[in-house]
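Notes for the one structure printed next.
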Amino acid sequence: MRQFLDAGENPPRGVIITYYLKEAPEGEVTLKVCDSQGQLINTFTSTVPENQSGDVDQEPRLPAVSGINRFVWDMRYPDARKVAGDKTTEEITTGPTAPPGDYRLSLSVDGTEQTREFQIVKDPRVVASQADFDSQFDLHISIRDKLSETHDSINKLRNIRRQVEEWEQRAESHSSAEAVASAAIPLKEKLAAIENELVQVEHKGARDRLNLPVKLSRKMAEIVAVVASADFAPPKQAGEVFQDVSTSIEVQLKLLEDVVENDVFRFVSLVEELGIPAIIPSAAPPAES
Numbered sequence: 144m145r146q147f148l149d150a151g152e153n154p155p156r157g158v159i160i161t162y163y164l165k166e167a168p169e170g171e172v173t174l175k176v177c178d179s180q181g182q183l184i185n186t187f188t189s190t191v192p193e194n195q196s197g198d199v200d201q202e203p204r205l206p207a208v209s210g211i212n213r214f215v216w217d218m219r220y221p222d223a224r225k226v227a228g229d230k231t232t233e234e235i236t237t238g239p240t241a242p243p244g245d246y247r248l249s250l251s252v253d254g255t256e257q258t259r260e261f262q263i264v265k266d267p268r269v270v271a272s273q274a275d276f277d278s279q280f281d282l283h284i285s286i287r288d289k290l291s292e293t294h295d296s297i298n299k300l301r302n303i304r305r306q307v308e309e310w311e312q313r314a315e316s317h318s319s320a321e322a323v324a325s326a327a328i329p330l331k332e333k334l335a336a337i338e339n340e341l342v343q344v345e346h347k348g349a350r351d352r353l354n355l356p357v358k359l360s361r362k363m364a365e366i367v368a369v370v371a372s373a374d375f376a377p378p379k380q381a382g383e384v385f386q387d388v389s390t391s392i393e394v395q396l397k398l399l400e401d402v403v404e405n406d407v408f409r410f411v412s413l414v415e416e417l418g419i420p421a422i423i424p425s426a427a428p429p430a431e432s
């Protein structure tokens with residue numbers, strides 16, 4: 144980022160939260176942001192989760208030092224859940240901005256909690272009404288939730304396929320190898336057909352975004368570019384496209400549900416019937432992950 148020595152610095156963009164700690168706390172500091180109805184928007188802490196991997200975006204951490212501390216909430220709701228390691232969806236999950244209104248903060252330090260209320264107000268230069276902001280937020284949060292549901296289903300699908308492939312590998316040195324492979328092939332084909340409708344699996348680099356067709360997950364996410372483009376109610380067409388893409392996604396999610404209830408159930412029953420050991424000693428080199 145370019146810096147100018149002769150230029151000033153703009154104030155932080157968001158809600159500035161300042162708090163004083165007489166001494167550094169022994170435990171975790173937690174900040175909860177809620178709407179006027181008490182519904183939780185997001186939680187921030189002073190510690191990093193132990194199970195956080197490199198694919199997971201790091202949430203901003205609360206400072207927790209002796210003296211004055213300052214934290215800036217960017218006024219955004221949490222992002223949509225992601226597809227682990229997928230390059231076509233990692234940049235399209237941004238959560239909506241909180242609309243003007245009343246909100247509540249709860250700061251917990253070593254068992255002591257303090258609560259404060261505050262308001263988010265619109266830019267006085269903006270002519271949009273509260274109804275406009277609410278309409279924009281409602282559609283954006285609906286898009287985010289549908290993306291989360293879609294990405295959860297993609298992750299579920301890939302986990303199922305991984306486990307099917309693991310059982311195929313276990314059965315390679317077993318007398319039932321052919322039976323397992325014969326059952327796995329149509330199951331994986333059905334999973335692949337659903338996956339190919341939900342997400343672009345052939346994406347390898349930036350140019351592929353031009354060369355390959357856009358799939359349902361990306362189509363859903365791109366509606367945000369219209370919905371959040373200005374401080375106004377979204378156009379009617381944005382809602383219509385959302386409904387259309389949502390319907391197409393629901394078709395695929397229903398197909399996945401049917402595969403899980405029927406095909407996966409039959410595959411699991413076959414594996415149990417064949418009595419394939421969970422661990423089969425083999426001298427073959429392990430498969431690369």
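With our numbering, the residue at position 211 of the sequence shown is 354, and numbering never jumps.
Here a beta-carbon is modelled for each residue, glycine too, at the ideal position from N, C-alpha and C.
Identified DSSP bridge partners for residue i
i      : result
Phe214 : Ile160
Phe261 : Tyr246
Val176 : Asn185 and Leu248
Arg287 : DSSP lists no partner for Arg287.
Arg219 : Thr240
Glu256 : Ser251
Residue closest to residue i, alpha-carbon to alpha-carbon, out of the options
i      : options                           : result
Val369 : Thr232, Gln279, Phe187 and Arg145 : Gln279
Thr390 : Val215, Ala373 and Ser360         : Ser360
Val388 : Met218, Lys289, Ile303 and Glu311 : Lys289
Pro377 : Leu174, Ile286, Glu166 and Trp216 : Ile286
Glu321 : Pro267, Ile419 and Gln262         : Ile419
Ala336 : Asp253, Leu398, Gly151 and Ala381 : Leu398
Arg259 : Thr161, Lys362 and Asn302         : Thr161
Leu253 : Arg213, Glu169, His294 and Glu345 : A small fix is needed here, since residue 253 is Asp in this sequence, not Leu. Residue Glu169 is the option with its Cα nearest to Asp253.
Asp222 : Thr231, Thr240 and Arg213         : Thr240
Ala373 : Val384, Arg268, Glu171 and Val191 : Arg268
Arg301 : Val403, Ile263, Ala371 and Ile184 : Val403
Val270 : Glu365, Glu309 and Phe375         : Phe375
Met218 : Lys265, Glu234 and Gly210         : Lys265
Glu202 : Val384, Phe147, Asn153 and Asn185 : Asn185
Asp406 : Ile303, Ala150 and Glu152         : Ile303
Pro154 : Arg213, Leu183, Gly181 and Arg145 : Arg213
Glu400 : Gln262, Asp149, Gln380 and Lys299 : Lys299
Val394 : Glu338, Arg305, Leu183 and Glu309 : Glu338
Trp310 : Asp149, Gln380 and Ser412         : Ser412
Phe261 : Gly181, Ala274 and Phe385         : Gly181
Ala381 : Gly151, Gln273 and Asp281         : Asp281
Phe410 : Ala314, Phe385, Glu383 and Asn354 : Ala314
Arg156 : Glu383, Gln312 and Ile263         : Ile263
Asp295 : Phe147, Gly151 and Leu396         : Leu396
Beta-carbon proximity check, residue i vs residue j, cutoff 8 angstroms
i      : j      : result
Ser179 : Gly244 : yes
Ile328 : Val226 : no
Cys177 : Tyr246 : yes
Ser325 : Arg224 : no
His346 : Thr231 : yes
Leu205 : Leu164 : no
Val342 : Asp229 : yes
Lys358 : Glu340 : yes
Thr190 : Glu166 : no
Val323 : Val414 : yes
Glu256 : Leu250 : yes
Ile211 : Thr293 : no
CB contact check: residue i to chain B, cutoff 8 angstroms
i      : result
Arg304 : The chain labelled as chain B is not found in the depicted structure, where only one protein chain is given.
Presumed contact (8 angstroms Cβ cut-off) between residue i and residue j, rounded CB distance
i      : j      : result
Pro242 : Phe276 : 4 angstroms
Val158 : Val215 : 7 angstroms
Val307 : Lys331 : 6 angstroms
Leu417 : Ser316 : Contact flag wrong, Cβ pair sits at about 13 angstroms.
Ala371 : His283 : 6 angstroms
What runs of the beta strand (DSSP E), each 3 residues or longer, lie entirely inside the region 318–358?
Along the length of the region 318–358, whole beta strand (DSSP E) runs at least 3 residues long do not occur.
In chain order, each beta strand (DSSP E) run of at least 3 residues that lies wholly inside the region 359–383
Those beta strand (DSSP E) runs which fall completely within the region 359–383 and span 3+ residues do not exist here.
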